[in-house]
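Peer 1:
There are 2 protein chains.
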Amino acid sequence: MINAVHKIEEVKKQVNEWKKQNLKVGLVPTMGYLHEGHKSLIDRAVKENDKVVVSVFLNPLQFGENEDLDKYPRDLERDLEVCEKAGANLVFNPEVLEMYPESSCSYVNVENLTKGLCGAKRPVHFRGVCTVLTKLFHIVSPDKAYFGEKDAQQLAVVKKMVKDLNFNLEIVGCPIIREEDGLAKSSRNIYLSKEERKAALILNKSLKKANSLMENGERNAAKLKEIIENEINSETLAKIDYIEIVDSENLEKLDKIEKTVLVAIAVYIGKTRLIDNFTFKLN
Amino acid sequence: MINAVHKIEEVKKQVNEWKKQNLKVGLVPTMGYLHEGHKSLIDRAVKENDKVVVSVFLNPLQFGENEDLDKYPRDLERDLEVCEKAGANLVFNPEVLEMYPESSCSYVNVENLTKGLCGAKRPVHFRGVCTVLTKLFHIVSPDKAYFGEKDAQQLAVVKKMVKDLNFNLEIVGCPIIREEDGLAKSSRNIYLSKEERKAALILNKSLKKANSLMENGERNAAKLKEIIENEINSETLAKIDYIEIVDSENLEKLDKIEKTVLVAIAVYIGKTRLIDNFTFKLN
């Protein structure tokens with residue numbers, strides 16, 4: 001069975017040995033409770049690198065005070081199994097104090113891209129994401145790091161951070177993995193009751209409707225948002241957090257579909273906040 | 284004559300070649316207008332590394348709106364001479380837009396250590412310092428980076444940032460270099476009129492007095508600060524910005540001298556703001 005490594009220095013030592021042998025290292029950063037979406041990232045990393053590190057770290061810095069840090073699901077044993085089966089070489093599973101000693105006070109943020117979308121209601125979230133990723137990038141020194149397109153804002157933010165701060169690695173975005181009925185895979189899906197699980201389909205359904213209208217020439221963002229809104233509101237268990245149509249790179253709001261856009265939504269199904277999105281490329 | 288390299292990619296390429304040959308790289312980050320203080324950093328870097336990069340970049344991000352960015356002295360030709368004579372191998376002198384393209388919006392900050400001392404009156408200063416150093420550390424991938432102890436807060440902040448964010452390099456602090464009469468070397472000394480130049484000696488003089496009292500057993504921080512204050516106020520051209528006695532690592536204010544402390548002052552001589560300090564180690 002693959003072992004979890006808990007200490008930063010141990011990871012650095014292992015990675016140094018790999019680098020001396022000129023081996024390419026891929027990193028898949030996760031918060032654990034791995035699902036098929038994570039597995040697809042590990043699969044891709046295994047294909048494209050000589051060695052793959054998966055980090056399993058429930059990062060407290062990216063949770064706000066009233067968010068679900070305490071009840072976030074965990075299952076390290078199963079995570080290790082998933083990593084081993086997928087062919088990962090090292091699982092980094094540090095304690096919180098190993099990553100953030102008590103005196104820790106250094107932070108990284110990508111200001112302009114983190115004010116809207118999920119950042120609007122989660123003001124400290126992306127600062128936490130950027131800070132932990134900066135640490136992981138320095139600890140693992142990966143050649144490539146893998147992120148799901150499901151967290152579209154996170155992917156855009158990380159790409160921007162890497163570009164702005166001249167990190168020496170490539171960020172690879174990987175397609176959303178869905179259940180057979182279309183629900184995007186998420187560790188948070190486990191919170192859903194049977195009834196909520198069914199209601200959650202409205203996220204993907206509303207996006208599909210918008211996508212098909214866009215493919216048929218609809219270019220008015222307000223109109224498209226209204227259609228998504230009406231669709232989601234038809235589901236009584238759903239409560240919209242946001243529906244946005246933005247530039248896929250800088251995440252600025254758009255009135256017209258004139259370039260590659262990200263259509264992103266966040267919706268509460270009962271108490272569980274789910275996100276979904278698609279990117280629409282103009283030919 | 285040593286050439287200035289202006290492009291990030293050129294520096295990365297050169298450093299990559301060095302790293303392939305297992306050569307140790309030292310970095311001396313500067314804002315140019317090099318004096319003996321900078322030269323001492325380059326000398327030390329040349330001694331301790333196989334290759335030495337000096338960055339000469341007047342970083343706009345660390346200047347506040349009403350600060351002296353525009354009139355800050357520059358002399359690249361002389362800087363190149365200093366670097367060559369000292370044995371540096373590469374001078375990195377990027378344009379502002381090469382370092383900060385217009386869309387740039389990612390920042391690094393060390394929160395707790397940057398609120399007092401120079402950070403109190405210069406609220407964006409250390410965010411600018413941390414951000415440019417993060418970029419330089421990623422561009423140059425140095426094994427060691429060299430900083431003067433004259434900017435004591437900067438040195439403490441950089442050490443903390445490197446520790447908190449797991450950068451893979453060592454920060455080396457180097458002693459303050461002084462003029463024969465005791466004035467700490469600074470690019471800003473050129474602003475001083477003949478009369479002000481003489482008045483500026485009060486910084487070092489007041490610190491020497493405090494140091495000698497501490498060596499003779501004085502442990503009361505308030506009393507020591509008062510003595511420094513009175514000494515500086517005896518000089519009519521001097522206006523105190525701050526006098527602080529703090530923990531040398533976390534920069535927290537202290538009432539009693541019970542561990543290694545930093546005694547740091549900032550004083551306006553006419554319109555020119557000068558800083559000086561010493562570290563007092565308890566045996």
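Top to bottom, those sequences are chains V and H. One point on numbering: in the numbering used here, the residue at position 163 of the first sequence is 163, and numbering is uninterrupted. In the numbering used here, each residue's number is its place in the second sequence (first place is 1) plus 283. We put the beta carbon where it would ideally sit given N, CA and C, even for glycine.
Determine whether the Cβ of residue 375 of chain H lies closer than 8 Å to any Cβ atom of chain V.
Peer 2: Not closer than 8 Å to any Cβ of chain V, the Cβ of residue 375 of chain H fails to qualify, so no.
Peer 1: In this structure, does DSSP put residue 414 of chain H in helix, strand or coil?
Peer 2: Residue 414 of chain H falls in the helix class under three-state DSSP.
Peer 1: Over what stretch of residues does the beta strand (DSSP E) that includes residue 245 of chain V continue unbroken?
Peer 2: Looking at the DSSP string, the run of the beta strand (DSSP E) that includes residue 245 of chain V is 238-247.
Peer 1: Can you tell me which residues form a DSSP beta bridge with residue 467 of chain H?
Peer 2: The partner list for residue 467 of chain H (beta bridge, DSSP) reads H/461.
Peer 1: According to DSSP, is residue 50 of chain V part of a helix, a strand, or is it coil?
Peer 2: Of the three classes helix, strand and coil, the one that applies to residue 50 of chain V here is coil, per DSSP.
Peer 1: Hey, could you find the ends of the beta strand (DSSP E) residue 452 of chain H is sitting in?
Peer 2: Taken as a continuous stretch (DSSP letters only), residue 452 of chain H belongs to no beta strand (DSSP E), as it is neither H nor E.
Peer 1: Closer than 7 Å, Cβ to any Cβ of chain H: which residues of the segment 152-174 of chain V, in chain order?
Peer 2: Cβ contacts with chain H: 160, 161, 164, 165, 166, 167 and 168.
Peer 1: Taking any Cβ of chain H, which residues in the segment 78-112 of chain V have a Cβ under 7 Å from it, in chain order?
Peer 2: Residues 103, 104, 105, 106, 107, 108, 109, 110, 111 and 112.
Peer 1: The segment 119-141 of chain V: which residues have C-beta closer than 8 Å to a C-beta of chain H, in chain order?
Peer 2: Those residues of the segment 119-141 of chain V that come within reach of chain H (Cβ to Cβ, closer than 8 Å) are 130, 131, 134, 135, 138, 139 and 141.
Peer 1: Which value, in whole angstroms, describes the spacing of the CA atoms of residue 259 of chain V and residue 71 of chain V?
Peer 2: About 40 Å.
Peer 1: Have a look at V/242, V/236, V/92 and V/99 and flag the residue whose alpha-carbon is nearest the alpha-carbon of residue 53 of chain V.
Peer 2: For the residues V/242, V/236, V/92 and V/99, the minimum Cα distance to residue 53 of chain V belongs to V/92.
Peer 1: Do you know whose CA, among V/245, V/279 and V/18, lies nearest residue 117 of chain V's CA?
Peer 2: Of the listed residues, the one whose Cα sits closest to residue 117 of chain V is V/245.
Peer 1: Three or more beta-carbon pairs under 8 Å between the segment 449-465 of chain H and the segment 104-118 of chain V, yes or no?
Peer 2: They do not touch, by the three-pair rule.
Peer 1: Can you list, in chain order, the residues of its chain with a C-beta nearer than 7 Å to that of residue 452 of chain H? Leave out the 5 residues immediately preceding and following it.
Peer 2: Counting only Cβ-Cβ distances below 7 Å, and skipping sequence neighbours, we find 420, 425, 426, 427, 428 and 445.
Peer 1: Is there a Cβ from chain H that is less than 8 Å from the Cβ of residue 257 of chain V?
Peer 2: No, residue 257 of chain V does not count as interfacial toward chain H.
Peer 1: Determine the extent of the alpha helix (DSSP H) in which residue 200 of chain V is found, giving its start and end residues.
Peer 2: Element bounds for residue 200 of chain V: n/a, residue is neither H nor E.
Peer 1: Which runs of the beta strand (DSSP E), 3 residues or longer, sit entirely within the segment 57-143 of chain V?
Peer 2: Listed in chain order, the complete beta strand (DSSP E) runs (minimum 3 residues) inside the segment 57-143 of chain V are 90-92 and 106-110.
Peer 1: Decide if the segment 485-503 of chain H is in contact with the segment 329-347 of chain H; the criterion is three or more beta carbon pairs, one per stretch, under 8 Å apart.
Peer 2: They do not touch, by the three-pair rule.
Peer 1: Closer than 8 Å, Cβ to any Cβ of chain H: which residues of the segment 2-36 of chain V, in chain order?
Peer 2: For the segment 2-36 of chain V, which is checked against every Cβ of chain H, the residues closer than 8 Å are 8 and 12.
Peer 1: For residue 48 of chain V, which residues of its own chain have a beta-carbon under 8 Å away from its beta-carbon, when the five flanking residues on both sides are left out?
Peer 2: Within the same chain, residue 48 of chain V has close Cβ partners 24, 26, 144 and 172.
Peer 1: CB-CB under 7 Å to residue 30 of chain V, same chain, minus the five flanking residues each way: which ones, in chain order?
Peer 2: 38, 54, 55 and 56.
Peer 1: According to the Cβ coordinates, are residue 35 of chain V and residue 206 of chain V closer than 8 Å?
Peer 2: Taking 8 Å as the Cβ cut-off, residue 35 of chain V and residue 206 of chain V do not qualify as a contacting pair.
Peer 1: Which same chain residues, not among the five before or five after residue 213 of chain V, have their C-beta less than 8 Å away from its C-beta?
Peer 2: Once the five neighbours on either side are set aside, the close Cβ partners of residue 213 of chain V are 224 and 227.
Peer 1: Report the rounded CA-to-CA distance for residue 229 of chain V versus residue 73 of chain V, giving the unit in angstroms.
Peer 2: If you take the alpha carbons of residue 229 of chain V and residue 73 of chain V, they lie about 30 Å apart.
Peer 1: I'd like to know whether the C-beta of residue 250 of chain V is nearer than 8 Å to at least one C-beta of chain H.
Peer 2: True, the Cβ-Cβ gap to chain H drops below 8 Å.
Peer 1: Counting pairs of Cβ atoms below 8 Å between the segment 230-238 of chain V and the segment 263-270 of chain V, do you hit three or more?
Peer 2: In short, these stretches touch, since the Cβ pair count reaches three.
Peer 1: Which residue wins for smallest C-alpha separation from residue 393 of chain H, given the options V/247, V/231 and V/103?
Peer 2: Checking every option, the nearest Cα to that of residue 393 of chain H belongs to V/103.
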